[in-house]
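Enquirer: All you need for the working numbering is the position in the sequence shown, starting with 1, plus 35.
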Amino acid sequence: MGVLDITAIQGFIKMCNDGWLQGWHERNGGNLTYRIRPEEVTELKPFFTYEKPWVNMGVRAQNMTGEYFIATGSGKFLRNVILEPQNNICIVEINEAGDSYRIVWGLEQGGKPTSEFPSHFMNHSVRAAATNGEYRVIYHAHTPSLIALTYILPLDARSFTRALWQSATECPVVFPGGVGVVPWMVPGGAEIALATSELMKKYDAAVWAHHGLFVSGPDFDITFGLMHTIEKAADIYVRILSCGQGIRQTITDENLKAIAREFGVTLNPEFID
Ligand code: 13P
Ligand code: ZN
């Protein structure tokens, strides 16, 4: 039994590869983190070492102290994760102050967790708080159609949510709360982490203008499915506009309400007329 035999590690590796196969991870684009369950930490602990230094993250979350995360490495290509997990992903421990990490496994040829770790960490903090600890996965991808929409739609939650809900009938069921939108910001630091996590208090997903998408969820399947559903809806919207004749008919607000009634979901009332 080794680290790579643990189910959570295998799910993490599969998700990196699933994203690569979708075309969302050019070069080192995109990153993934998973907050490890206590029973999985117990299984993994024999393989941990505690020689690496603590690294301050520039952000702090009291409800994440002592947690362990699996994270993709900064500058690592997600397409390589399945080939050499031990050199492309790592496990980090969070200190008692909730403001620093140290690598306890992985990145055997050197490196550090994703440059977006502050955003992942703060998103984990707010999504865990909002779901009573249920949410464990944060995923960032460079989804092309959604990025394209950030050049033509107003950069607000209402415009994006309505465009996506109206682009495929299942969308309001998959993300009834809608999506938030972060204006263009320099990636990789505390500022964008705080702006994103502020939106993640309300939404499962946050668009990064001209960059990509962050999504959250309880497990790998649901989180990947959310990324996939949003990007597919964006792709449909781009195709509609590419036909060049505008929108003749769409899913109406009455239709959206009917879907919500039938599927037993509550649509964010801010986005319904
Ligand atoms: P990392 O290689 O540091 O994960 O950065 C990739 C990325 O998508 C930055 O937003
Ligand atoms: Zn990115």
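Where is the CB? At the ideal position from N, CA and C, for every residue including glycine. Keep in mind that this is a model prediction, so the values were computed, not measured.
Could you have a look at cysteine 125 and say whether DSSP puts it in helix, strand or coil?
Expert: Start at 1 with the first residue of the sequence shown, and residue 125 comes out as number 90. Three-state DSSP puts cysteine 125 in a strand.
Enquirer: When we look at the beta-carbon of methionine 50 and count the other beta-carbons within 10 Å, is it buried (16 or more) or exposed?
Expert: In the sequence shown, counting from the first residue as 1, residue 50 sits at position 15. With 16 or more other Cβ atoms within 10 Å, it is buried.
Enquirer: Give a yes or no on whether the C-beta atoms belonging to threonine 68 and phenylalanine 152 are separated by under 9 Å.
Expert: The count along the sequence shown starts at 1 and reaches residue 68 at position 33. The count along the sequence shown starts at 1 and reaches residue 152 at position 117. In contact: threonine 68 and phenylalanine 152 (Cβ atoms closer than 9 Å).
Enquirer: Does the region 277–284 come close enough to the region 177–185 to have 3 or more Cβ pairs within less than 8 Å?
Expert: The region 277–284 vs the region 177–185: no contact.
Enquirer: Give a yes or no on whether the C-beta atoms belonging to asparagine 63 and valine 116 are separated by under 9 Å.
Expert: Sequence index remark: in the sequence shown, residue 63 carries index 28 (1-based). Sequence index remark: in the sequence shown, residue 116 carries index 81 (1-based). Cβ atoms of asparagine 63 and valine 116: not closer than 9 Å.
Enquirer: Kindly indicate the opening and closing residues of the beta strand (DSSP E) around phenylalanine 249.
Expert: For this step, residue 249 is matched to residue 214 along the sequence shown. 247–252 is the extent of the beta strand (DSSP E) around phenylalanine 249.
Enquirer: Can you name the residues that DSSP bridges to alanine 43?
Expert: For the purposes of this step, residue 43 is taken as the residue at position 8 of the sequence shown. Beta-bridge pairing links alanine 43 to no other residue.
Enquirer: Is leucine 79 near valine 38, with beta carbons less than 9 Å apart?
Expert: Counting from one through the sequence shown, the residue named residue 79 turns up at place 44. Counting from one through the sequence shown, the residue named residue 38 turns up at place 3. Contact: yes.
Enquirer: Identify whether glycine 260 lies in helix, strand or coil by the three-state DSSP scheme.
Expert: The residue you call residue 260 lines up with position 225 of the sequence shown. Correct three-state label for glycine 260: helix.
Enquirer: Using a Cβ-Cβ cut-off of 8 Å (strictly less than) and excluding sequence neighbours within five positions of tyrosine 186, which residues of its own chain qualify?
Expert: One-based indexing of the sequence shown puts residue 186 at position 151. Once the five neighbours on either side are set aside, the close Cβ partners of tyrosine 186 are His245.
Enquirer: Just checking proline 222 against the ligand 13P - is the residue's beta carbon closer than 8 Å to any of the ligand's heavy atoms?
Expert: Position 187 of the sequence shown holds residue 222. Within the cutoff, so yes.
Enquirer: Tell me the DSSP secondary structure of threonine 77 in three-state form.
Expert: As a working mapping, residue 77 is identified with position 42 in the sequence shown. Reduced to three states, the DSSP call for threonine 77 is helix.
Enquirer: Rounded to whole angstroms, what is the Cα-Cα separation between leucine 234 and alanine 165?
Expert: Position 199 of the sequence shown, counted from the start, is the residue given in the question as residue 234. Position 130 of the sequence shown, counted from the start, is the residue given in the question as residue 165. Rounded to the nearest angstrom, the two C-alpha atoms are 12 Å apart.
Enquirer: Taking only heavy atoms of the ligand 13P into account, decide whether any of them is closer than 8 Å to the Cβ of serine 109.
Expert: On the sequence shown, residue 109 is found 74 positions in, with the first residue counted as 1. Yes, since a heavy atom of the ligand 13P falls inside the 8 Å radius drawn around the Cβ of serine 109.
Enquirer: DSSP three-state call for threonine 107: helix, strand or coil?
Expert: As a first step, residue 107 is located in the sequence shown; it is residue number 72 there, counting from the start. It is a strand residue.
Enquirer: On the premise that valine 209 lies in contact with leucine 261, defined as a C-beta separation below 8 Å, what is that separation, rounded to the nearest angstrom?
Expert: If you number the sequence shown from 1, residue 261 lands on position 226. If you number the sequence shown from 1, residue 209 lands on position 174. Rounded, the Cβ-Cβ distance is 6 Å, consistent with contact.
Enquirer: Quick one: give me the first and last residue of the alpha helix (DSSP H) that threonine 196 is part of.
Expert: The sequence position of residue 196 within the sequence shown is 161, counting from 1. Run containing threonine 196: 192–200, per the alpha helix (DSSP H) assignment.
Enquirer: Quick check on DSSP: helix, strand or coil for tryptophan 243?
Expert: Numbered from 1 along the sequence shown, position 208 holds the residue referred to as residue 243. Reduced to three states, the DSSP call for tryptophan 243 is strand.
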